[in-house]
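All residue numbers for the sequence shown refer to the numbering used here, where the first residue is 19 and numbers rise by one.
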Amino acid sequence: MASLLSFPSRGAMNVTTVPTTPIDGQKPGTSGLRKKTKTFMEAPYLHNFVQSVFDALVAENVPVKGSTLVVSGDGRFYNKTAIQIIIKMAAAAGVERVWCGTEGLLSTPATSAVIRTRSRGLKGMAPIGGFILSASHNPGGIDEDFGIKYNGENGGPAPEKVTNLIYTKTTTISEYKICNDLPDVDLSTPGSYSLGTPDTPFSVQVFPNTEDHVGLLRQVFDFGAIKALIQRKDFKFVYDSMNGVQGPYAKALFIGEFGASPDSLMNCEPKEDFGGHASPSHGHADPNLTHAVELVAKMGLNKLGLPVETKTEPPDFGAAADGDADRNMIMGNRFFCSPSDSLAVIVANATCIPYYKNGLKGCARSMPTSCALDLVAKKLGIPCFEVPTGWKFFGNLMDSGTAMFPDTPVYTPFICGEESFGTGGDHVREKDGMWAVLAWLQIIAAKNPDPSQPLVGVADIVKAHWAEYGRNYYARYDYEGVEKDGADKMMAAMVEAQPSLIGTTHGGMKIAKADMFAYDDSIDKTVSKNQGIRFIFEDGSRFVFRLSGTGVAGATVRMYLEKYAAPTEDLTLHAFDVVKPIADIALSISKLTEFTGRTEPTVIT
Numbered sequence: 019m020a021s022l023l024s025f026p027s028r029g030a031m032n033v034t035t036v037p038t039t040p041i042d043g044q045k046p047g048t049s050g051l052r053k054k055t056k057t058f059m060e061a062p063y064l065h066n067f068v069q070s071v072f073d074a075l076v077a078e079n080v081p082v083k084g085s086t087l088v089v090s091g092d093g094r095f096y097n098k099t100a101i102q103i104i105i106k107m108a109a110a111a112g113v114e115r116v117w118c119g120t121e122g123l124l125s126t127p128a129t130s131a132v133i134r135t136r137s138r139g140l141k142g143m144a145p146i147g148g149f150i151l152s153a154s155h156n157p158g159g160i161d162e163d164f165g166i167k168y169n170g171e172n173g174g175p176a177p178e179k180v181t182n183l184i185y186t187k188t189t190t191i192s193e194y195k196i197c198n199d200l201p202d203v204d205l206s207t208p209g210s211y212s213l214g215t216p217d218t219p220f221s222v223q224v225f226p227n228t229e230d231h232v233g234l235l236r237q238v239f240d241f242g243a244i245k246a247l248i249q250r251k252d253f254k255f256v257y258d259s260m261n262g263v264q265g266p267y268a269k270a271l272f273i274g275e276f277g278a279s280p281d282s283l284m285n286c287e288p289k290e291d292f293g294g295h296a297s298p299s300h301g302h303a304d305p306n307l308t309h310a311v312e313l314v315a316k317m318g319l320n321k322l323g324l325p326v327e328t329k330t331e332p333p334d335f336g337a338a339a340d341g342d343a344d345r346n347m348i349m350g351n352r353f354f355c356s357p358s359d360s361l362a363v364i365v366a367n368a369t370c371i372p373y374y375k376n377g378l379k380g381c382a383r384s385m386p387t388s389c390a391l392d393l394v395a396k397k398l399g400i401p402c403f404e405v406p407t408g409w410k411f412f413g414n415l416m417d418s419g420t421a422m423f424p425d426t427p428v429y430t431p432f433i434c435g436e437e438s439f440g441t442g443g444d445h446v447r448e449k450d451g452m453w454a455v456l457a458w459l460q461i462i463a464a465k466n467p468d469p470s471q472p473l474v475g476v477a478d479i480v481k482a483h484w485a486e487y488g489r490n491y492y493a494r495y496d497y498e499g500v501e502k503d504g505a506d507k508m509m510a511a512m513v514e515a516q517p518s519l520i521g522t523t524h525g526g527m528k529i530a531k532a533d534m535f536a537y538d539d540s541i542d543k544t545v546s547k548n549q550g551i552r553f554i555f556e557d558g559s560r561f562v563f564r565l566s567g568t569g570v571a572g573a574t575v576r577m578y579l580e581k582y583a584a585p586t587e588d589l590t591l592h593a594f595d596v597v598k599p600i601a602d603i604a605l606s607i608s609k610l611t612e613f614t615g616r617t618e619p620t621v622i623t
């Protein structure tokens, strides 16, 4: 741990017990609890949830008293205030040490890195987990969204049995505890604050927010090779942090480690509203073709991913991060690489990365993610797992060690991914946007050993992949802010109709299988039901419906569409055109317009 300034004890800690009552709707979704910022600002909304987490941990025999806890977030509005509240509640719960990133900033993957690695060599200081204050890719600001989730001692999202227990505690809570007398901690610079007493030690340590994550990534990748690529005169790149938490990490890596020009970085100053409505993204730090407006235009693409003419030649490589930096978008010169293809390409070329030089022992994808990964895994002869959406399911696989699966022993290293622009390895237990970007740069560097030869870029690599494995044409339609009752009725009606639809033909395509996806977790023996409605056609094409757990208002209906084309078929078509007939079938069967009143999706990716 870096040397930190020391401050004297501020005096006794007085624990105040505050009566409270349950608040409806504090059930964590796919990645924590997300609501409007003003909802969190209304005491005791945040207090109730934090106390429920501590109560659940105690019920699970987690040693909260005398422990270390990590607390930081993505810098959105209310982040710093929420951190101070959690620090005071942690003290009241008996936590001995709280670790925070400078300015209260830690990306989601960096928080996982801190939990997993910062205590190395420090006996008895391994964190029991941490609070991440983020609503990820959702807009930020006082009138927008806020979120909180708890990650466990492995650095990954709490498993379902814990989040279910947290929710149960929110429905029965009668009091919360807080040390209101403690002063607020200065988060602006590294320092160590002793705030407890000799009998009840309590300290807060503020450390450089990029330190642990950058150090861990250095162990995964060949920074020298990436630096050589970035400094090639014929290689131009641009990276968009979308005014989220990734900005400091982008500067530390691309400028500090690789010597890139500052002009290569866009929107690298974290802002509480991610730029707000005055920005081209309207403060929606979501790295996709719809919201990453500036980067998409700079790369010579339109919002459908189609090439357009530009005044200047687009860069060879472009990437973006979301608000908490766990998601990524990869693009080449006038070329968009879908997240499903990105995952498959990374796994197919993993041995280019030093951490995976001996090959992968396993990979996994979320159920809605395209089956492109399955084809790679089959050729590599490694297991490929299909899990529900949510990184916590990947974490179980990564932690599994050996011989957890009959006849298919799983070991780390492991690479996992989701179609929702999330990819990562087992260096942490979260998806990691910067990891994905560096993985691509490492692969490009490996494909270009001779700087005197023409550059092999993103499009060249992806097209070569399609030529070998075929192409999984893929698209996702999002219908955001749908009235929840209508969405629930639509899903229920589809499930009821599924048995009678098997074997029927629609638009010339015959349905071979239809079900509601459920997942039996071989690691923790839990069963996760109702994870998405699947319709699979005889040719392997499919459509999937799922209600997202990342929204804050109403429901978000996600419709996923996929059609496979073999290497001998036309691989040059636009994905949206190829899957449009499947979309028509899906909309007809689901009666989405009838149930929700929506005629057009909010976002297509």
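Just so it is clear, CB atoms sit at the ideal spot from N, CA and C, and this is done for glycine as well.
Less than 8 angstroms separates the beta-carbon of E448 from that of S130. Residue burial is scored here from C-beta neighbours: A485 has fewer than 16 other C-beta atoms within 10 angstroms and is therefore classed as exposed.
Secondary structure note for L183: its alpha helix (DSSP H) is the uninterrupted segment E178 to T190. In the three-state reduction of the DSSP assignment, N346 falls in the strand class, which pools E and B. The alpha helix (DSSP H) runs lying completely inside the stretch 437 to 520 and spanning 4 residues or more are 451 to 465, 476 to 487 and 502 to 519, given in chain order. The DSSP-derived three-state label of N320 is coil. Following the DSSP letters along the chain, one finds M385 in no beta strand (DSSP E), marked with neither H nor E. Around the beta carbon of E327, a 10 Å sphere encloses fewer than 16 other beta carbons of the protein chains shown; the residue is thus reported as exposed. Contact check between the stretch 48 to 66 and the stretch 147 to 160: three or more CB pairs, one atom from each, fall below 8 angstroms, which counts as touching.
Counted as a single uninterrupted DSSP element, the stretch harbouring V82 is not any alpha helix (DSSP H), since DSSP gives it neither H nor E. As a beta-bridge residue in DSSP terms, W117 pairs with V88 and Q223. K375 sits in coil when the DSSP states are folded into three classes, being neither helix nor strand. Runs of the beta strand (DSSP E) lying entirely within the stretch 208 to 261, each at least 3 residues long, are 209 to 212, 221 to 225 and 255 to 258 in chain order. Judged by DSSP in its simplified three-state form, I607 adopts helix. Taking C-beta atoms as the reference points, A110 and V33 count as a pair closer than 8 angstroms.
The beta carbon of A128 sits closer than 6 angstroms to the beta carbons of H231 from its chain, once the five residues preceding and following it are set aside; these are given in chain order. For the options C381, P406 and G47, the alpha carbon positioned closest to that of I400 is the one of C381. A residue is called buried once 16 or more other Cβ atoms fall within 10 Å of its Cβ, and H65 is buried on that count.
Taken atom to atom, the span from the alpha-carbon of I150 to that of L415 is near 22 angstroms.
When the five nearest sequence neighbours on each side are left out, the beta carbons in the same chain lying within less than 7 angstroms of the beta carbon of F253 are those of L247, D334 and L473, in order along the chain. I150 carries a strand assignment under DSSP once its states are collapsed to helix, strand and coil. Excluding residues up to 5 positions away in sequence, L324 lie with their Cβ nearer than 7 angstroms to the Cβ of H592 in the same chain.
With contacts defined as CB atoms closer than 8 angstroms, G341 and K316 fail to qualify as a contacting pair. Annotation for R136: D230 place their beta carbon closer than 6 angstroms to its own, counting only its chain and skipping 5 residues before and after.
Here A61 is exposed: its Cβ has fewer than 16 other Cβ atoms, across all protein chains shown, within 10 Å.
Partner residues in the beta bridge of K195, as assigned by DSSP, are T35.
Per DSSP, the beta bridge partners of T523 are K528.
In the same chain as V597, and ignoring 5 residues on each side of it, the C-beta atoms closer than 6 angstroms to its own belong to Y491, A493, L579 and K581, in chain order.
Beta-bridge partners assigned by DSSP to R576: D496 and R564.
One Cα belongs to S210, the other to S546, and the distance between them is close to 42 angstroms.
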